[in-house]
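Working notes, beginning with the structure itself.
In this note's numbering, the protein residues as written are 1371 to 1653.
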């Protein structure tokens, strides 16, 4: 029973740490959009850049006064699921005339997303703007159409901290969307995530100019810091494997060794039947 309980206890860990190479992608519009309504569910099998490119290349995309592309490093699908039903994001998705949600799409390069947004601004004759939420509220000219890329603060840390932080980001989006609703007749929002900086470095492809006569670098070329700064030792599969070993396999082995030791001890203490110590002395 204890072993079964330990296995069941691992499921929440796997659920939180699962899909490490994916990000959520949600999009909605303030008016009915045939382009959004006709998006295929199969887009979930493509990477985020491809999905964003497909959304922003719809025939009716230039009919929107404002298009917001919100990117947040470290964002997970579980972060959005943890938002209460009373949150602004939940309400906007629920009441939007058109919306789509892709909980797990493979992440792509955030720089490519900005290039797509810039290209869209030129295509639609809109003003392109790239801002950070840390710089303050948006200031958009009501007489122009806009394509805006908003970079939100990274989400990382414990589950409790992430949940609290997401509530603050939800309030920021709610405030900005209220101003956009008041100033413009229509808008489309695309909200997605991207890898954290240290994850992005790990995902970089090897250089195409790799020398086939590769030689080991000397110590002077190694990065400063210990092994934990140079290598990713604790990946998700390794952490799960360690949990299984320490909480299931090791207790079973210790229990088996203890039982075997007890059995051997009882055998040594039991004297053979018919054995008489007095007779042994007389001989």
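Glycine is no exception: its CB is placed at the ideal position from the N, C-alpha and C atoms.
What you are looking at is a predicted structure, and each value in this text was computed from that prediction instead of being measured.
Judged by DSSP secondary structure, residue 1497 falls within the beta strand (DSSP E) whose first and last residues are 1497 to 1502.
A check of alpha carbon separations from residue 1477 across 1442, 1501, 1418, 1555 identifies 1418 as the nearest. With fewer than 16 other CB atoms across the displayed protein chains lying within 10 angstroms of its CB, residue 1622 is exposed. In this structure the region 1394 to 1414 does not touch the region 1517 to 1527; the number of beta carbon pairs closer than 8 Å is below three. Remark: C-beta atoms of residue 1440 and residue 1547 do not approach each other more closely than 8 Å. Look at residue 1489 here: in three-state DSSP terms it is helix.
Put simply, the backbone Cα of residue 1562 is about 36 Å away from that of residue 1617. One alpha carbon belongs to residue 1416, the other to residue 1474, and they sit about 10 Å apart. Contact between residue 1399 and residue 1558 holds, since their C-beta atoms are separated by about 4 Å, short of 8 Å.
Listed in chain order, the non-local C-beta contacts of residue 1444 below 6 Å within the same chain comprise 1524, 1525, 1526, 1566, local neighbours out to five positions each way being set aside. In this structure, residue 1438 sits away from residue 1501, with a CB-CB distance that is not shorter than 8 Å.
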